[in-house]
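Participant: Shown below is the structure under consideration.
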Amino acid sequence: MTIGKSRTVEAFLKKAAKKRNFQVIVAECAPFYHGQELATSLASAGIETTVITDSAVFAIMSRVNKVIIGTHTVMADGGLKSINGSHTVALAAKYYSVPLIVCTAMFKLSPQYQCSYDQDAYNKFVSPNDVLKYSDGELISKVQVHNPVFDYVPPDLVTLYVSNIGGNAPSYVYRLLSELYHPDDHEL
Amino acid sequence: MDKDGILQLLTETMKNDPSMSVAVAAIQTLIEFIKLDTAETLSGLRANLKEAIDTLMKTDSSVTSIASGSELFLRFITLTALDHSDFEECKAILVKRGKLFLQKVGSSRKKIAKLGHPFIRDGATILIHSRSRAVLQLLKEAAEFKKRFNVFVTESMPDKYGHTMHNELTALGIPTTLILDSAVGYIMEKVDLVLVGAEAVLESGGIVNKIGTFGMALAAKEMNKPFYVVAESFKFHRLFPLNQQDVPDQFKYPWSRLNQSDVDLSKEHPRVDYTPPGYITLLFTDLGVLTPSAVSDELIKIYL
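Right under this line is the structure:
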């Protein structure tokens with residue numbers, strides 16, 4: 001299973017399809033719906049693909065063998081800052097004991113920690129038009145609409161990081177960090 | 001200098017500056033000891049120092065930090081070229097190294113406060129345990145950055161150090177509430193994060209701290225609240241306990257009780273407990289913000 005459209009995961013799956021036979025379930029990832037683009041791309045490469053809504057993730061998870069997702073950033077504690085909906089997928093995977101593999105390049109490693117659950121300091125919010133159309137004027141004035149882009153996934157939900165330097169556990173991220181960043185450069 | 005002299009000097013140093021940690025006072029005492037020591041050779045001085053450290057461990061105050069602090073002090077001061085023919089010159093170098101170590105150690109709490117205060121956000125509710133000067137400094141730093149937060153502190157029996165912490169925080173203008181030790185489970189849903197100090201940080205990434213810390217960590221894990229530990233790097237100890245029984249008795253019970261011949265340890269109440277690394281989210285140290293798995297690497301670096 002995967003969520004949204006990660007170019008790393010797309011390349012990974014297309015390369016794997018040349019040697020192995022597998023099926024992919026893609027969560028469409030509202031309100032951007034990149035998942036649908038990924039599904040079209042994988043299908044044109046001859047991979048058996050299914051598209052599901054984000055709400056169906058828990059229902060379908062019992063049938064999944066592995067979850068492979070991409071990410072925007074790898075945080076210093078081994079957690080992820082990835083597309084919204086990733087935390088739900090990670091929780092569902094944990095519940096069904098399905099391994100969560102993150103395909104990412106090492107340049108995405110950041111020396112920052114997530115300081116709190118306060119989303120204003122951590123997340124990026126984009127136009128709520130994707131969630132509720134501005135043309136729905138009457139409704140817009142009565143409700144608050146939020147459209148966060150990112151999700152934080154804690155390190156204990158991630159099983160493995162597959163990167164350009166090999167496979168690593170989330171608990172090893174601090175070591176990779178010390179190889180990539182000088183301790184004086186931890187303040188970005 | 002004899003044994004009583006050493007202990008007297010330690011108590012005097014601690015009385016002069018109550019905000020100083022026990023380990024820092026012990027290191028100052030050891031520097032004075034080196035100056036006054038009458039040994040004629042380096043190995044003689046080293047043997048006398050080891051004896052002095054043993055004497056310092058025979059106090060009722062926090063023995064854990066004295067143990068790790070003195071070990072690191074000894075390693076630091078001898079990690080230099082000591083091949084001068086004049087022994088007095090060698091001693092002078094040792095004292096200079098000692099003062100450098102003291103300077104590094106003295107500034108550690110400030111570094112920690114600078115690293116840790118971004119984790120306290122405006123409007124946060126914090127739960128702390130007993131009295132920790134490192135935690136106090138961190139909260140002071142956060143308050144100076146004009147953050148508004150309120151604190152719950154456990155009264156921490158049997159010595160009731162929580163009351164002292166409560167008074168110190170109220171004096172800083174931070175709204176604080178004292179709670180019973182048994183109320184930790186009850187209060188956990190109201191707090192945003194848990195902040196504790198440590199008497200020792202162990203090789204596994206776990207900590208030894210005032211009794212009650214482990215229970216707090218269990219409750220925090222269950223309710224998904226982050227559990228942060230504030231500890232200076234001289235508290236890193238080369239120990240790897242597998243359970244509560246593995247923690248040495250000198251850490252758990254005060255020396256005066258251990259020394260009594262008729263004491264039955266199974267009936268004694270321990271003063272500290274061990275919190276395994278799986279319950280700790282992050283450690284704020286002067287070496288940086290560390291995950292529990294990073295602690296063993298840093299520990300090896302400072303002991304090598």
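These protein sequence lines map, in sequence, to chains L and H.
Residue numbering for the first sequence follows our numbering, beginning at 1 and increasing consecutively.
Residue numbering for the second sequence follows our numbering, beginning at 1 and increasing consecutively.
Even glycine gets a Cβ: it sits at the ideal position worked out from N, Cα and C.
This structure is a prediction, so every number in the text was calculated from the model and none was measured.
#1: Is the shortest distance between the beta-carbon of residue 294 of chain H and the beta-carbons of chain L less than 7 angstroms?
#2: Have a look at residue 46 of chain H and residue 223 of chain H and give me their C-alpha separation to the nearest angstrom.
#3: Quick check on residue 126 of chain L: buried or exposed, where buried means 16 or more other Cβ atoms within 10 Å of its Cβ?
#4: Taking beta-carbon pairs under 9 angstroms, can you tell me which members of the stretch 118-143 of chain H lie near chain L?
#5: Measure the Cβ-Cβ separation of residue 101 of chain L and residue 60 of chain L and say whether it is below 7 angstroms.
#6: Using the rule of at least 16 other Cβ atoms within 10 Å of the residue's Cβ for burial, across every protein chain shown, is residue 105 of chain L buried or exposed?
#7: Listed in chain order, which residues of the stretch 70-96 of chain L have Cβ atoms closer than 9 angstroms to some Cβ of chain H?
#8: Is the stretch 69-79 of chain L touching the stretch 42-53 of chain L in the sense that three or more CB pairs, one from each, lie closer than 8 angstroms?
#9: Taking the alpha carbon of residue 7 of chain H as the point to measure from, which residue in H:20, H:28, H:64 has its own alpha carbon closest?
#10: With a threshold of 7 angstroms between beta carbons, is residue 152 of chain L in contact with chain B?
#11: Closer than 9 angstroms, Cβ to any Cβ of chain L: which residues of the stretch 280-292 of chain H, in chain order?
#12: Apart from the five residues just before and just after residue 152 of chain H, which ones in its own chain have a Cβ nearer than 6 angstroms to its Cβ?
#13: Are the beta-carbon atoms of residue 195 of chain H and residue 135 of chain H separated by less than 7 angstroms?
#14: Considering only DSSP beta bridges, list what residue 82 of chain L is partnered with.
#15: Could you tell me which of H:5, H:82, H:279, H:233 sits nearest to residue 36 of chain H, measuring between CA atoms?
#16: Should residue 225 of chain H go down as buried or exposed, given a rule of 16 or more other Cβ atoms within 10 Å for buried?
#17: Using the DSSP secondary-structure output, state which residues sit across from residue 273 of chain H in a beta bridge.
#18: Give the interface partners of residue 297 of chain H over in chain L, defined as CB-CB distance under 9 angstroms, in chain order.
#19: Buried or exposed: which applies to residue 22 of chain L, given that a residue is buried once 16 or more other Cβ atoms fall within 10 Å of its Cβ?
#20: Which full runs of the beta strand (DSSP E) of 3+ residues lie inside the stretch 178-258 of chain H, going along the chain?
#21: Given that residue 33 of chain L touches chain H, what residues does it touch there, using C-beta distances under 7 angstroms?
#22: Please classify residue 141 of chain H: does DSSP put it in a helix, a strand, or coil?
#23: Fully enclosed by the stretch 66-139 of chain H, which beta strand (DSSP E) runs are 3 residues long or longer?
#24: What do you reckon, are the CB atoms on residue 301 of chain H and residue 65 of chain H nearer than 7 angstroms?
#25: What's the call for residue 220 of chain H, buried or exposed, on a 16-neighbour Cβ count within 10 Å?
#26: Are the stretch 154-165 of chain H and the stretch 95-111 of chain H in contact at 8 angstroms, needing three or more beta carbon pairs?
#27: Near residue 1 of chain L, which residues of its chain fall below 6 angstroms by C-beta distance, leaving aside the five closest residues on each side in sequence?
#28: Just how far apart, CA to CA, sit residue 105 of chain H and residue 158 of chain H?
#29: Quick one: list the residues of chain H neighbouring residue 186 of chain L, beta-carbon separation under 7 angstroms, in chain order.
#30: Can you check DSSP and say which residues form a bridge with residue 166 of chain L?
#31: Using a C-beta cutoff of 7 angstroms, does residue 113 of chain L count as contacting chain H?
#32: Curious, which full-length beta strand (DSSP E) runs of at least 3 residues does the stretch 49-80 of chain L contain?
#33: Interface residues of chain H around residue 171 of chain L at Cβ under 9 angstroms?
#34: Quick one: give me the first and last residue of the beta strand (DSSP E) that residue 288 of chain H is part of.
#35: Please tell me whether residue 9 of chain L and residue 103 of chain L are closer than 7 angstroms, where the distance is taken between their beta carbons.
#36: Over the uninterrupted beta strand (DSSP E) stretch that includes residue 23 of chain L, give me the two end residues.
Facilitator: Taking the definition as stated:
#1: yes
#2: 50 angstroms
#3: exposed
#4: 118, 119, 120, 121, 122, 123, 124
#5: no
#6: exposed
#7: 76, 77, 78
#8: no
#9: H:28
#10: No chain B appears in this structure, whose protein chains are L and H.
#11: 281, 282, 287, 288, 289, 290, 291, 292
#12: 127, 177, 179, 187
#13: yes
#14: L:151
#15: H:5
#16: buried
#17: H:209
#18: 174, 175, 178
#19: exposed
#20: 193-196, 200-202, 207-210, 227-230
#21: Chain H residues near residue 33 of chain L: none, gap ~31 angstroms exceeds 7 angstroms.
#22: helix
#23: 124-129
#24: no
#25: buried
#26: no
#27: 25, 64, 67
#28: 30 angstroms
#29: 288
#30: L:163
#31: yes
#32: 67-69
#33: 291, 292, 293, 294
#34: 288-290
#35: yes
#36: 23-27
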